[in-house]
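Okay, structure first, notes after.
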Amino acid sequence: MPPVIQLTDLSKHYESGFQALKGVNLTINKGEIFALLGPNGAGKTTLIGIVCGLVKASGGTVLVDGHDNVRDYRAARSRIGLVPQELACDMFETVLATVNLSRGLFGKPRNNVLVEQLLRDLSLWDKRNETTNSLSGGMKRRLMIAKALAHEPDILFLDEPTAGVDVSLRQNMWEMVRRLRERGVTIILTTHYIEEAEEMADRIGVINQGEIILVDNKQALMDRLGTKQLSISLQHPLSALPEALQGFNLNLKDEGLTLVYSFDHQQEQTGIAELLKALAREGLEFRDLHSSQSSLEEIFVDLVQGENGTAGSAS
Amino acid sequence: MNLYAIRAIYSYEMARTFRTLMQSIASPVIATSLYFVVFGAAIGSRMTEIDGIPYGAFIIPGLIMLLLLNESISNASFGIYMPRFTGTIYEVLSAPVSPAEMVIGYVGAAATKSVILGLLVLLTARLFVAYEIQHPVFMLGFLVLTAVNFSLFGFIIGIWAEGFEKLQIIPMMIIMPLTFLGGTFYSITMLPPLWQTVTLFNPVVYLISGFRWSFYGTSDVPVGISLVMSLLFLGLCLVVLRWIFKTGYKLKP
Ligand SMILES: Nc1ncnc2c1ncn2[C@@H]1O[C@H](COP(=O)(O)OP(=O)(O)O)[C@@H](O)[C@H]1O
Ligand SMILES: [Mg+2]
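Sequence lines, in order, name chains D and L. To convert, note that position 14 of the first sequence is 1156 in the working numbering; the numbers rise steadily by one, no gaps. To convert, note that position 62 of the second sequence is 98 in the working numbering; the numbers rise steadily by one, no gaps.
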């Protein structure tokens, strides 16, 4: 697939002296869903800001569909739609007026049919004549999406689209993102939830402290990062790990009340069945089971350790 | 040229104006009428003529300039400050819109509104006094030029301001005193010689004087100088705006 966005050696020093991006190189392919995954403060919003023309780069270049986003900003920007992280609406304007403004700003004539379809798709058509301050948070988020899509962009940036969004709306949003992708729109979303990246993306880039640590296909990345943990809450506390359980990758926590089993969920044999049998043989009763993905922080520790071959330098 | 964008910004801003039309029109019209009642009727009964012009008619050009300055600055500064404040400015800044297009849209709308109000007050004044306009074309041109100048100035304030207080402070602390001391209610030839010289450093004097010339053909300073001063101010605002967009001052970190 041809590249649609190319970042070369992109860096950003804010006036405070803080360096938010440290020589980022990144290629986004046409038609893909790319997730930029990283903790708060990693530089995700800064990166998007530079591509969209909201933040000045300190160094490096951005090509959008081959157009330099500074010298040839009209061509570059007209391809992009942006849904920013913060909800920002003109309180006293109607939904319809703000969406029409968005389309006009991007140099497109009014198109009532298109705007109606867009608002219907996002369940906002009934609200078209209401002012934006009467909308709920979820509706405002959808309005921001409608505004971003009003000029029919080829590239859509979604900066933390699910922050503060409830589960059903999140599902709707993901469905919409998939529909857009089917129409050939390239989508770049940022998140700090690994589950979200995993659910949606074709490729994932991990960013930390202004640096892209790795970029990979989702599957390849999940294989690399695929440690899961199973927490077993015991009925009675253990003072030490019994002999028969020593062979498993187990830790005792909560003063002996919780057993934590770490395993690789990509493997055929996770070892859970064996563990549970062993627990039964030992006569250990448990109240609850709970499995979880490694947290992003743990993954960063792993990644940075893996790269440097040293321990404890992740933060 | 992204004409759709200019039109989109302009009509969006004008819609905001028309939505609040009653407040927009009522308060300046009432305020100006009060000036006529207080200054025109009360003082005018004791001070019947200046430069051979009845006092009520004499103050009209100055009152309209006063209104034009205040309205232009507050409309334009508010127009760009609000999107900065609410965050919606991200959209204009990420759109394929050049700085010039953005300024034309915002400043054009602000200036349009103040020109409309200026003309409305001019009509209202007709209810109180009979006046003549000797040079109507110049009058209209000067009205538009002043509205554009001070809308540009207001736009700059709206980018510079970090809070609503700062938005008010320049109109209150600088523009108000300058307009009151700028010869709205008197001719500067009525001042002692020293104060006449001091007054010439007040740029608003040139505006009011030039505008009054278009009405009655008399002025405190030659009308050519008024025009030159206005054009210099226009140039200055454009230079400042160019710098703002070049450096991204308060718009792009
Ligand atoms: N305007 C600014 N001035 C100074 N520092 C900033 C500015 N904007 C962001 N930063 C800093 O840059 C870093 C990256 O921020 P951001 O790009 O918003 O991260 P993310 O979106 O990944 O959470 C943070 O440490 C943040 O404090
Ligand atoms: Mg962010």
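Quick reminder that beta carbons are idealized off the backbone N, C-alpha and C, glycines included.
Only 1226, 1228, 1229, 1230, 1231, 1232, 1233, 1234, 1235, 1239, 1240, 1242, 1243 and 1244 from the stretch 1225-1244 of chain D bring a Cβ to less than 9 Å from some Cβ of chain L. A distance of 9 Å or more separates the beta carbons of residue 1348 (chain D) and residue 1173 (chain D). At a cut-off of 9 Å between beta carbons, residue 1330 (chain D) makes no contact with chain L. In the structure shown, the three-state DSSP call for residue 159 (chain L) is helix. By the criterion of a C-beta distance shorter than 6 Å, residue 144 (chain L) is surrounded in its chain by 46, once the five residues flanking it on both sides are discounted. For residue 43 (chain L), the three-state secondary structure derived from DSSP is helix.
Using a Cβ-Cβ cut-off of 7 Å, residue 1251 (chain D) is close to 40 of chain L, given in chain order. Among the residues facing chain L, residue 1191 (chain D) is included, as its CB has a counterpart in that chain under 9 Å away.
Taken atom to atom, the span from the alpha-carbon of residue 1306 (chain D) to that of residue 1409 (chain D) is near 34 Å.
Where residue 1263 (chain D) is concerned, the enclosing alpha helix (DSSP H) starts and stops at 1254-1263.
Close to residue 1200 (chain D), with beta-carbon spacing below 7 Å, lies no residue of chain L; the smallest spacing is near 11 Å. Checking the 8 Å criterion, the Cβ of residue 1182 (chain D) is within range of a heavy atom belonging to ligand 2. Rounded to whole angstroms, residue 241 (chain L) and residue 211 (chain L) show a C-alpha spacing of 12 Å. Linking residue 1196 (chain D) to residue 124 (chain L) through their CA atoms gives a straight-line distance of about 12 Å. Considering only beta carbons, no part of the stretch 217-245 of chain L lies closer than 7 Å to chain D. Under the three-state reduction of DSSP, residue 1185 (chain D) is assigned to coil, being neither helix nor strand. At least one heavy atom of ligand 1 is found less than 8 Å from the C-beta of residue 1186 (chain D).
Here the stretch 1239-1256 of chain D does not lie against the stretch 147-166 of chain L, with fewer than 3 beta-carbon pairs under 8 Å apart. In the same chain as residue 49 (chain L), and ignoring 5 residues on each side of it, the C-beta atoms closer than 6 Å to its own belong to 115 and 145, in chain order. When Cβ pairs closer than 8 Å are counted between the two stretches, the stretch 1290-1305 of chain D is seen to touch the stretch 1315-1332 of chain D, the count reaching three or more. Within chain D, the C-beta atoms nearer than 8 Å to that of residue 130 (chain L) come from 1194, 1195, 1196, 1219, 1222 and 1224, in chain order. Taken in chain order, the complete alpha helix (DSSP H) segments of 4 residues or longer contained in the stretch 147-228 of chain L are 172-196, 200-206 and 212-216.
Restricting attention to L:215, L:134, L:230 and L:253, the CA atom closest to the CA of residue 244 (chain L) is found in L:215. Annotation for residue 1336 (chain D) indicates a beta carbon at 8 Å or more from all heavy atoms of ligand 1. For residue 1166 (chain D), the pairing in a beta bridge is given by DSSP as D:1152. For the stretch 1277-1298 of chain D, the set of residues with a beta-carbon nearer than 8 Å to any beta-carbon of chain L comprises 1289, in chain order.
By the Cβ-count criterion, residue 1271 (chain D) is exposed, with fewer than 16 other Cβ atoms from all chains shown falling within 10 Å of its own Cβ. With a cutoff of 9 Å on beta-carbon distance, residue 247 (chain L) and residue 182 (chain L) are scored as near each other. At a cut-off of 9 Å between beta-carbon atoms, residue 1345 (chain D) makes no contact with chain L. Going by DSSP, residue 105 (chain L) is part of the alpha helix (DSSP H) stretching over 91-122. Boundaries of the alpha helix (DSSP H) around residue 246 (chain L): 239-252. When CB distances to chain D are screened at a threshold of 7 Å, the residues of the stretch 119-148 of chain L falling below it are 122, 123, 124, 126, 127, 128, 129, 130, 131, 132 and 133, in chain order. For ligand 2, no non-hydrogen atom lies closer than 8 Å to the CB of residue 1353 (chain D). In this structure, the CA atom of residue 274 (chain L) is about 48 Å from the CA atom of residue 1338 (chain D).
By the Cβ-count criterion, residue 284 (chain L) is exposed, with fewer than 16 other Cβ atoms from all chains shown falling within 10 Å of its own Cβ. The contact set of residue 1248 (chain D) on chain L, defined by CB atoms closer than 7 Å, consists of 131 and 132 in chain order.
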